[in-house]
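Engineer: If you scroll down you'll find the structure; I have some questions about it.
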Amino acid sequence: MPALSSELLDWYDVHARAMPWRVGPEARRRGVRPDPYRVWLSEVMLQQTTVAAVKAYFERFTMLWPTVANLAAAPDAAVMGEWAGLGYYARARNLLKCAREVVEVHGGSFPGTRAELMTLPGIGPYTASAIAAIAFDQPETVVDGNVERVMSRLHAVHTPLPAAKPELSAHAAGLTPQERPGDYAQAVMDLGATICTPRSPACGICPWRTPCAARDEGTQAELPKKTLKAAKPVRHGIAYLGRRTDGAWLLETRPDSGLLGGMLGWPGSAWGNAPQDAPPVSAAWRDPGIEVRHTFTHFHLKLALRVADLPADAEPERGGFVAPHAFRPSDLPTVMRKAFDAVAASFGPIDRTG
DNA sequence: AATCCGGGGCT
DNA sequence: AGCCCAGGATT
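With this note's numbering applied, the first sequence corresponds to residues 182 to 535, in that order.
Here is the structure:
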């Protein structure tokens, strides 16, 4: 009887999904090796993010910056703007730090061991193992949400997450083969993404349906168990969308740390239990009667809006003016883009007579 | 160990 | 409307 890993690799040989950053099992057999830069970039983008959401961003980044040296040389604002909409913006800040460290400390080549990769910004236990296994074919064990789910079912682990993490990691490590570790790592994650899904797993076509302990019990849809999460509170705020007579928008780059850190946004109040006025400049602010709703990781936001036409000599206390040709709504994180989309039509044509 | 960080897809 | 996440940094 073949080892469990062999059965999964056989399945992967047939069912591996094509992805822009992936070297499939067939090409690997011909000796093709993945570019560590592309593996790293894709794995960082895939942190807490689905394949469908990542694809367009990956294509755009690799077109603009084909090598890690190209990315390292890019202006911060360009990278943050291209990352806008993908979320978890600390990833983008660490992406640049990491690229520059690879160039300056490692001569432009990613280190090939898990331990060395772990020292780089934005590369933690999961990503270090993924790069070592996929790009450098080292027998490292990859443990992400998919693997935890697959292991909890294969071994019928009823301990709730996150307490079960060590146990699930141990199960995963016990299955990692010495042969084709890169393909195996991707195979387990593909299995979790396509067959061993959170709800309604497709056990009938699963390559591990026979050894699966949860399927024996009929508990596969209940696993992994999780401890209940706290309910999300509602916060309120006000955002100010001001446009000068020459068409320039009043925007600010947010502080490097914290929520939406380093991203472009509309100046506004702090977000708390109740909305409070905090105009960035004295002006005839109007209430368009529109409320933007947005949900972050740990709270719901209800954002009131104010709009104003600002005089040519306006001197705001916060933020700066961005000329119309330099302003791309796609540079904004989603909540800020929602605010723009909600009121953009309420601004009239630009007065070019000054 | 607990908390802080987006956003999209699914049911 | 609530649920699920292809995690890492910070404290």
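By construction, the Cβ of each residue, glycine as well, lies at the ideal position given by its N, Cα and C atoms.
(1) Which residue from E321, A465 and T300 puts its Cα closest to that of S310?
(2) Compare the beta carbon distance of L484 and A525 with 8 Å and say whether it is the shorter of the two.
(3) Go through the segment 306-346 residue by residue and report every complete run of the alpha helix (DSSP H) that reaches 4 residues or more, in order.
(4) Throw me the rounded Cβ distance for the V225 and V213 pair, which I believe falls under 8 Å.
(5) How about L441 and Y270: do their beta carbons lie closer than 8 Å?
(6) With the cut-off set at 8 Å, would you say D408 and P341 are in Cβ contact?
(7) Please look up how many angstroms separate the CB atoms of R334 and A395, rounded, as I've assumed it's under 8 Å.
(8) According to DSSP, K410 sits in a beta bridge with which residue or residues?
(9) Given that a residue counts as buried once 16 or more other Cβ atoms are within 10 Å of its Cβ, and exposed if not, what is R425?
(10) If we ignore side chains and look at the alpha-carbon of each, how far apart do P215 and S350 end up?
(11) Suppose contacts are defined by Cβ-Cβ distances below 8 Å. Is R272 in contact with G303 by that definition?
(12) Since P456 and H481 should fall inside the 8 Å C-beta cutoff, what is the C-beta to C-beta distance between them, to a whole number of angstroms?
(13) Hey, would you say L431 sits closer than 8 Å to G446, going by beta carbons?
(14) Apart from the five residues on each side of it in sequence, which residues of its chain come closer than 7 Å, Cβ to Cβ, to L185?
(15) If you run the structure through DSSP and keep just helix, strand and coil, what is W430?
(16) So, is E360 buried or exposed, given that buried needs 16 or more other C-beta atoms within 10 angstroms?
(17) Exposed or buried, which one is R332 when buried takes at least 16 other CB atoms within 10 Å?
(18) Could you check what DSSP says for H475 in three-state terms: helix, strand or coil?
(19) One question on the structure: do P201 and F239 come within less than 8 Å of each other, judged by their Cβ atoms?
Structural biologist: From the atom records:
(1) Residue 310 sits at position 129 when you count from the first residue of the first sequence. Nearest of E321, A465 and T300 to S310, Cα basis: E321.
(2) In the first sequence, counting from the first residue as 1, residue 484 sits at position 303. In the first sequence, counting from the first residue as 1, residue 525 sits at position 344. A525 is positioned such that its CB atom lies no closer than 8 Å to that of L484.
(3) 306-317 and 326-335
(4) Position 44 of the first sequence, counted from the start, is the residue given in the question as residue 225. Position 32 of the first sequence, counted from the start, is the residue given in the question as residue 213. About 22 Å separates the two Cβ atoms, so there is no contact after all.
(5) Here residue 441 is taken as the residue at index 260 of the first sequence, counted from 1. Here residue 270 is taken as the residue at index 89 of the first sequence, counted from 1. The answer is yes: Cβ separation under 8 Å.
(6) Walking along the first sequence from the start, residue 408 turns up at place 227. Walking along the first sequence from the start, residue 341 turns up at place 160. Per the sequence shown, residue 408 should be read as Thr rather than Asp. Pairing T408 with P341 gives a Cβ-Cβ distance under 8 Å.
(7) For the purposes of this step, residue 334 is taken as residue 153 along the first sequence, with counting starting at 1. For the purposes of this step, residue 395 is taken as residue 214 along the first sequence, with counting starting at 1. At roughly 4 Å, the Cβ-Cβ gap stays under 8 Å, so R334 and A395 are in contact.
(8) Position 229 of the first sequence, counted from the first residue, corresponds to residue 410. Beta-bridge pairing links K410 to no other residue.
(9) Position 244 of the first sequence, counting from 1, holds the residue named residue 425. That one is buried.
(10) Walking along the first sequence from the start, residue 215 turns up at place 34. Walking along the first sequence from the start, residue 350 turns up at place 169. P215 and S350: Cα-Cα distance of roughly 26 Å.
(11) In the first sequence, residue 272 corresponds to position 91, counting from 1. In the first sequence, residue 303 corresponds to position 122, counting from 1. Cβ distance < 8 Å, so R272 and G303 count as in contact.
(12) Here residue 456 corresponds to residue number 275 of the first sequence, with the count starting at 1. Here residue 481 corresponds to residue number 300 of the first sequence, with the count starting at 1. The pair is not a contact, with the Cβ atoms about 14 Å apart (cut-off 8 Å).
(13) On the first sequence, residue 431 is found 250 positions in, with the first residue counted as 1. On the first sequence, residue 446 is found 265 positions in, with the first residue counted as 1. No, the pair does not count as a contact, with Cβ atoms beyond the cut-off.
(14) In the first sequence, residue 185 corresponds to position 4, counting from 1. Once the five neighbours on either side are set aside, the close Cβ partners of L185 are L356, W389 and P392.
(15) Taking the first residue of the first sequence as position 1, residue 430 is located at position 249. If DSSP states are grouped into helix, strand and coil, W430 belongs with the strands.
(16) Counting from 1 along the first sequence, the entry for residue 360 is found at position 179. Classification for E360: exposed.
(17) Position 151 of the first sequence, counted from the start, is the residue given in the question as residue 332. Before going on, a small fix: residue 332 reads as Met here, not Arg. Buried, by the Cβ-count rule.
(18) The sequence position of residue 475 within the first sequence is 294, counting from 1. If DSSP states are grouped into helix, strand and coil, H475 belongs with the strands.
(19) The residue given as residue 201 occupies position 20 in the first sequence. The residue given as residue 239 occupies position 58 in the first sequence. In contact: P201 and F239 (Cβ atoms closer than 8 Å).
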